[in-house]
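Comments concern the structure below.
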Amino acid sequence: MQAAQPPVQEGPRPVIPLNILEGPQQRFYTFCAFGALQAFKAYELYHEIDEIHSGIWGFKWFLVDTLFLLGVWSLRIPWLHRPLWKYVMYILLLNGVNFWLFAPAQFADSTNSLLSKINPHHLQQEMPYYYEENVEVLSGKKGINKLAEGTDSSHILGKHTVRILPHSTAKINPDDQCFCLPRTQSGEDTNDINIPVILNGTYPESIEYSRTDFETKKKTIHKLDIPSSYFGHQDRDVIKERRFNILAKIPGSYKLERVVDQNGADFRLYKKKAVIVSCPEAYFGGNDAPGSGSEQSYCVGDHLQDLSFVVRGHPPLKLHYTRRINGSIVKIPIEDIRPDREADLIQDIPSAAEEVIEIPFNVTLDTPGEVLYKIAKVADSCNNVHDYEPKAYSLGAKGKRHFVVHSRPNAKFECSMNNPMKIQASEKPGSGAKIPLRLSGTGPWEVKYGYQTWEEYESNDVPQFTESNTKKLSVQNPRTDLSVSEPGVYTLLSVSDNYCSGEVILPDSCSVVKPAPPTLQIDSSPIDSSCVGELGTALTLTLTGEPPFTVYYKQVMEGSKKAVFSSVHVNKYRHSMTLLPNMTGKYTYDFWKVDDKNHMGTPIDIKISQVVHPQPKAKFQMERREIKDCVGGSTNLDVVLSGTSPWTLVYDVIYKNSRQSFTVKDIHEPHVVLSPPKFGLSGKYSYSLVKITDANGCVSELDTPDIDVTVEKTGPQASFACDSRSLTFLEGEKVSLPVKLTGSSPWTVSYRAVGEESKEAHQVVIKDPNGGITVNRPGTYELLSVSDGYCSGLISESSKHCSASWISRPSVKISDSKCALDERHVYIAQSVCEGYDAGVDVSLTGQAPWVLKYKREWTPANGGPTQKEYKELTTGSPSSKIIFRTSPAGLYRYTLESVGDDVYTKPVQVDHSFGKTVVEQLVQPKPVVEVVEPKSPLFKCVGEKFTDNQDSILLRLNGQAPFSLVFEIARDNVLMETVHMNNITENQFRFTPNLHFREVGKYTISVVHVIDATGCINQDVVGAKVHIEVAGAAGISPLISQRPYCVGDVLSFAMQGSAPWTISYQFGEEAKTEILDRSKFERVADQPGVFSVTKVCHQRQGNCCSQPQDLTYQIHALPSVRLSGGNEIEEKILEGDQTEILVEFLDR
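Just so we're aligned, residue 1 is where the sequence shown starts under the UniProt record's numbering, counting upward by one.
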């Protein structure tokens, strides 16, 4: 069971519920409002400087800030709600700032009155805001510091100076630095080191210091006498810090032993020392890379064991080096480098001797590419750093080692034991199989391989390779072939490229065989016929080798000089075939060569002879089995015969259900053409070969395929499909006249245009029965004839004509009745004023929408060069308007260039030969007015007004006279009066407003618009304004209420109004007038007398003077004192001693 939680005490609920506006948002808006109020306050403070000193603005902001803070308190905003007394404190603090900002003079008076009651001298000690270093004195001298030297010291007689000298101290190496001497290339120390010594107190005359050697531990004392001019012209008795440098050229430990001043007194010495060591250095050592730092080549996996870093300096040392592999840089540090024996700290002198330490650097190169090791910097135990990365401090070859790491090559065969390479028997002597060899790396390569005969390979489980059965091969190409001539097993043993030894990868062995040539055995048997005897022979081919085989043979008939060469392709080892000659005679079948997969052209010699009496045969020699023709036509049929001539051939013609036989006798040639009778009826005719009889009386029934002929009743027909309508097309384009065709594709159609009977007809080949004839000229076209691949056809008389016509091009013309046409056939539009709307109406023909392009040319009114540009107008109405450009002023010329519509998408150029395509318009410029005088703001005083001879405003008018002007007069951006001036005939006009300045403020006289004789109005007049600042009389008030004033006091006054001021005052018998740029006037009373301010004026704002009252002050002289009898005495004592000073006061 959980313990009961104590109730949470909630604060007062905010006035604005949090579900409407969350707490952070309420605070955000509150801070924004407060910041905006303070920003506006700063704006008024800066821009209303002439009026803020009246106190009105300060009272206003007192109310605004007070009400705002009380409003924030009443809203009870979370985190901003505090007790009311805290908000009262905030109000008092904020209004104190307002009082200081808006009434500085009153604030100063109140503050000074309060402080003077506490401490009368407080004003000169604690008010630096009103007391500055350099203030003029009433007598006219400048540059006097009134707090130290502003008064006459004649009332102080005598001077007694006491110098208290502290004990002098000397400190060597005040910043506890550890110095190092740079080394030369040979390793010797060079240059010098200045060891700083700080001397406080009296002037030193000699310094003794010691140097302890690190190696020998010997201590050497050195003494330096300081010349009197070493520290320049300095007061030897002035206690100050002096710096002296001890020049060190040798490493060691330096320590101050004694410092003596000019009086023989010893300085107190700090127990400090300066350690000077040789600067650390580092370089590469070892034998793995040459001293030149040149590029070295290595292989992946190589070990660099002899490479090392040599570091010289005072341990423990730090070394940083960089490793760059193929552009990737890694910085590697080596920390705490020290010798094997335990070393002490550098502060112990015996351990400060430098050490030369060699760091072994064992590297395994496992990434191919460029490798660069470079020493970056080295640091010793004193934190002396030698940075080698800048070029000026580079070590050169000693500081870097550059390697190129190459990938190790590999080698393999692109074959295997299961897929042996074969030696082709048909290759040239000395050649053999080519084993594909693939290499990687950088050429050239050296490949070592071994060879085993098949007997050695079968008898040895482990291959045995000696010098007798191994060879080395030099290879230039990574993809090459190993040429071998002996069968056996070839094994890769090793590979190396131009840089590295490599690895043999699988497959590393390849078998090579030498196939035996193919052989052929033929078994033959004659094919007999009871009628004629032997018709041919049946052969059985038996082959050895590797399929596929190709057997070549020739067939020679006795008495014929021509042999028939043939070949047969066999994919197996046994094949059957028959040889059946077509003609009677004695034949010899000569098989003369055979190929297999591995051997080409293996010669053989097998001959078979036979006397053949072939059985008679006949067949159609036609590729097409279906033929088309027309009634009244005929078809010739080609037939090929074989056997013993002469022959008798019987064939049938079948039509529908009837069959008619035809016999052709005494055929002596093996080729005959059958010519059946012409077709009298339409339908399907079939031609069939029935039988053939040869010279021996042998009859063969024929079963050859038949030939079918389809006979059409009529031929092809052609007609136009224009449907008695005229086709339309664009000018310059083509149109297809639709044609309907019957019959067999393709058709040859001839046509011509009506009216061109004297010209040759056109022919076109059409493959589509719904095709067309393409023409590019308008007119009526007539079909003349048609034919397909079989017959000539007919032309339909009712549809043999078709018409085509062009679609009218779009056109455009200017149709504005308000434009006049001049003798150039150019339309002149009515001139307009600059910036007014204008345009011209145009009429368009064609099909909407239209795209009209026109050229616009503009010649400036001042006669400058003509500018041209091309514009485009898209419209859907046949009556449209081109909008004119009317700014800037000048002569505009518009030329219609081209027009396109929905049909003619390619624009059609406008014909300018008849004119009326150009319109011009003159755009009149707006009149311009500018203020010539005054160029700068005017300054007036309250109660003054404009005068004709001094304050009139000179205006310059550009345009055509007469002009009319409208002026507006405003005070503080509030309009007071509007003035109209008409019928101004001059281009320069003086305007004197009837204006009486009765109140302080900023007045503005503006020209709001101007009209000239063309009627053009310029209502956007820029810069035609005159600003007048009206101020009240200048004032002055004292900042310090002090009575009486004495010599040495400062008279301070606050100026009222706007800077600069002219102030007139009188001191004694002398009157002065000065110009003051700041709001405070101060003078130091350097002598007794009467001072009074007589007049204060504004210098720029028409003087606006005032004559202050009650600003006259009596300045009294100071009392006198005498020190040490009026003599000048200087006395020196050490710290802790005492002396006496005699002071006598005198009356004046």
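For glycine and all other residues, C-beta sits at the position ideal for the given N, C-alpha and C.
Q: Mark residue 261 as exposed unless 16 or more other C-beta atoms lie within 10 angstroms of its C-beta, in which case mark it buried.
A: Within the sequence shown, the letter at position 261 stands for residue 261. Buried: at least 16 other Cβ atoms inside 10 Å.
Q | Separation of residue 25 from residue 19, as counted between CA atoms | A | Along the sequence shown, one-based indexing puts residue 19 at 19. Along the sequence shown, one-based indexing puts residue 25 at 25. Pairing residue 19 with residue 25, the inter-Cα distance amounts to about 11 angstroms.
**Q.** Start-to-end residues for the alpha helix (DSSP H) that takes in residue 457
**A.** By 1-based counting over the sequence shown, the position of residue 457 is 457. It spans 454-459 - the alpha helix (DSSP H) in which residue 457 sits, taken as one unbroken run.
Q. Can the beta-carbon of residue 963 be found closer than 8 angstroms to that of residue 957?
A. Stepping through the sequence shown from its first residue, residue 963 is reached at position 963. Stepping through the sequence shown from its first residue, residue 957 is reached at position 957. Cβ atoms of residue 963 and residue 957: closer than 8 angstroms.
Q.
Assess contact between the stretch 784-795 and the stretch 852-864, defined as three or more Cβ pairs (one per stretch) separated by less than 8 angstroms. Is contact present?
A. Contact between the stretch 784-795 and the stretch 852-864 is absent: fewer than 3 CB-CB pairs across the two stretches fall below 8 angstroms.
Q.
With H, G and I counted as helix, E and B as strand and the rest as coil, what does DSSP make of residue 397?
A. Reading the sequence shown from its first residue, position 397 is the one you call residue 397. Helix at residue 397.
Q) Ordered along the chain, which non-local residues of its own chain (more than five positions away) have a Cβ less than 7 angstroms from that of residue 713? A) Locating residue 713 in the sequence shown gives position 713, counting from the first residue. Closer than 7 angstroms at Cβ, skipping near neighbours: 631, 682.
Q. Would you say residue 518 and residue 638 are within 8 angstroms of each other, going by their C-beta atoms?
A. Here residue 518 is taken as the residue at index 518 of the sequence shown, counted from 1. Here residue 638 is taken as the residue at index 638 of the sequence shown, counted from 1. Their beta carbons are not under 8 angstroms apart, which means residue 518 does not touch residue 638 by this criterion.
**Q.** Secondary structure of residue 42, DSSP reduced to three states
**A.** Working through the sequence shown from its first residue, we reach residue 42 at position 42. Helix at residue 42.
Q. If you compare alpha carbons, which of 197, 217, 218, 215 is closest to residue 208?
A. Start at 1 with the first residue of the sequence shown, and residue 208 comes out as number 208. The option with the nearest alpha carbon to residue 208 is 197.
Q.
Going by C-alpha to C-alpha distance, which of 874, 1019, 1005, 837 sits closest to residue 927?
A. In the sequence shown, the residue the question calls residue 927 occupies position 927. It is 1019 whose Cα lies nearest to the Cα of residue 927.
**Q.** Alpha-carbon to alpha-carbon, residue 655 and residue 527
**A.** Here residue 527 corresponds to residue number 527 of the sequence shown, with the count starting at 1. Here residue 655 corresponds to residue number 655 of the sequence shown, with the count starting at 1. If you take the alpha carbons of residue 527 and residue 655, they lie about 40 angstroms apart.
Q: Give me the Cα-Cα distance between residue 225 and residue 295, rounded to the nearest whole angstrom.
A: Position 225 of the sequence shown, counting from 1, holds the residue named residue 225. Position 295 of the sequence shown, counting from 1, holds the residue named residue 295. Whole-angstrom Cα-Cα distance: 57 angstroms.
(Q) Once DSSP output is grouped into helix, strand and coil, what is the label at residue 116? (A) Position 116 of the sequence shown, counting from 1, holds the residue named residue 116. With a pLDDT of only 45 at residue 116, under the threshold of 50, the placement of this residue in the model should not be trusted; the figure read from the coordinates follows. Three-state result, residue 116: helix.
Q | Cβ-based neighbour list, residue 508, same chain, cut-off 7 angstroms, excluding 5 preceding and 5 following | A | Working through the sequence shown from its first residue, we reach residue 508 at position 508. Residues 412, 413, 491, 492 of the same chain have their beta carbon placed closer than 7 angstroms to that of residue 508, with the five preceding and five following residues left out of the count.
Q) Anyone know if the C-beta pair for residue 178 and residue 311 falls short of 8 angstroms? A) Along the sequence shown, one-based indexing puts residue 178 at 178. Along the sequence shown, one-based indexing puts residue 311 at 311. No, Cβ-Cβ distance for residue 178 and residue 311 is not below 8 angstroms.
Q. Going straight from the alpha carbon of residue 626 to that of residue 772, what length do you get?
A. As a position in the sequence shown, residue 626 is number 626, starting the count at 1. As a position in the sequence shown, residue 772 is number 772, starting the count at 1. If I take the Cα positions, the gap works out to 29 angstroms.
Q: Taking all protein chains shown into account, decide if residue 98 is buried (16 or more other Cβ within 10 angstroms of its Cβ) or exposed.
A: Within the sequence shown, numbered from 1, the residue matching residue 98 stands at position 98. Residue 98 counts as buried, since at least 16 other C-beta atoms from the protein chains shown sit within 10 angstroms of its C-beta.
Q.
Under 8 angstroms, Cβ to Cβ, is there at least one residue of chain B near residue 491?
A. No chain B is part of this structure, which consists of one protein chain only.
Q) Going by other Cβ atoms of all chains shown within 10 Å of its Cβ, with 16 needed for buried, is residue 1097 buried or exposed? A) The count along the sequence shown starts at 1 and reaches residue 1097 at position 1097. Buried, by the Cβ-count rule.
Q: Ignoring anything shorter than 4 residues or poking outside the stretch 446-504, list the alpha helix (DSSP H) runs there in chain order.
A: Taken in chain order, the unbroken stretches of alpha helix (DSSP H) that lie wholly in the stretch 446-504 and span 4 residues or more are 454-459.
Q | residue 871 in three-state terms, based on DSSP | A | As a first step, residue 871 must be located in the sequence shown, where it is residue number 871. Three-state DSSP puts residue 871 in a strand.
Q) For residue 734, which residues of its own chain have a beta-carbon under 6 angstroms away from its beta-carbon, when the five flanking residues on both sides are left out? A) Here the question's residue 734 lines up with position 734 in the sequence shown. Once the five neighbours on either side are set aside, the close Cβ partners of residue 734 are 774, 776.
(Q) Please identify the residue among 174, 264, 251, 216 whose C-alpha is closest to the C-alpha of residue 245. (A) Counting from 1 along the sequence shown, the entry for residue 245 is found at position 245. Residue 174 holds the alpha-carbon nearest to the alpha-carbon of residue 245 among 174, 264, 251, 216.
**Q.** Close Cβ partners of residue 838 (< 6 angstroms) along its chain, the five nearest in sequence each way excluded
**A.** Position 838 of the sequence shown, counting from 1, holds the residue named residue 838. Excluding positions up to five away in sequence, the list reads 832, 884, 886.
(Q) Less than 8 angstroms between the C-beta atoms of residue 676 and residue 634, yes or no? (A) The count along the sequence shown starts at 1 and reaches residue 676 at position 676. The count along the sequence shown starts at 1 and reaches residue 634 at position 634. Yes; because the gap between Cβ atoms is below 8 angstroms, this pair is in contact.
Q) Looking only at DSSP bridge pairs, what is residue 70 linked to? A) Residue mapping note: residue 70 aligns to position 70 of the sequence shown, counting from 1. Residue 70 pairs with nothing; no bridge assigned.
Q.
What does the Cβ neighbour count give for residue 171, buried or exposed, with the cut at 16 atoms within 10 Å?
A. For the purposes of this step, residue 171 is taken as residue 171 along the sequence shown, with counting starting at 1. Classification for residue 171: buried.
Q: Give the straight-line distance between the Cα atoms of residue 319 and residue 441, rounded to the nearest whole angstrom.
A: On the sequence shown, residue 319 is found 319 positions in, with the first residue counted as 1. On the sequence shown, residue 441 is found 441 positions in, with the first residue counted as 1. Each residue's Cα considered, the two are about 37 angstroms apart.
Q | When 717, 409, 863 are compared against residue 498, the one with the closest alpha-carbon | A | Stepping through the sequence shown from its first residue, residue 498 is reached at position 498. Across the set 717, 409, 863, the C-alpha of 409 shows the shortest separation from the C-alpha of residue 498.
Q: Check residue 622 in the structure and name its three-state DSSP category.
A: On the sequence shown, position 622 is the one that residue 622 refers to. Here residue 622 carries a coil assignment [DSSP, helix/strand/coil].
Q) Does the beta-carbon distance from residue 689 to residue 751 come in below 8 angstroms? A) Here residue 689 corresponds to residue number 689 of the sequence shown, with the count starting at 1. Here residue 751 corresponds to residue number 751 of the sequence shown, with the count starting at 1. Not closer than 8 angstroms, so no.
Q. Could you give the distance in angstroms between the alpha-carbon of residue 841 and the alpha-carbon of residue 807?
A. In the sequence shown, the residue the question calls residue 841 occupies position 841. In the sequence shown, the residue the question calls residue 807 occupies position 807. Those two C-alpha atoms are separated by around 25 angstroms.
Q) beta strand (DSSP E) containing residue 311: first to last residue? A) Here the question's residue 311 lines up with position 311 in the sequence shown. Note, residue 311: beta strand (DSSP E), 307-313.
Q: Closer than 6 angstroms by C-beta to residue 893: which residues in its own chain qualify, once you throw out the five before and the five after it? Chain order, please.
A: Locating residue 893 in the sequence shown gives position 893, counting from the first residue. Beyond the five residues adjoining it in sequence on each side, residue 893 comes within less than 6 angstroms, by CB distance, of 857, 920 in the same chain, given in chain order.
Q: Return the CA-CA distance between residue 1112 and residue 1095, expressed in angstroms with no decimal places.
A: Position 1112 of the sequence shown, counting from 1, holds the residue named residue 1112. Position 1095 of the sequence shown, counting from 1, holds the residue named residue 1095. Those two C-alpha atoms are separated by around 12 angstroms.
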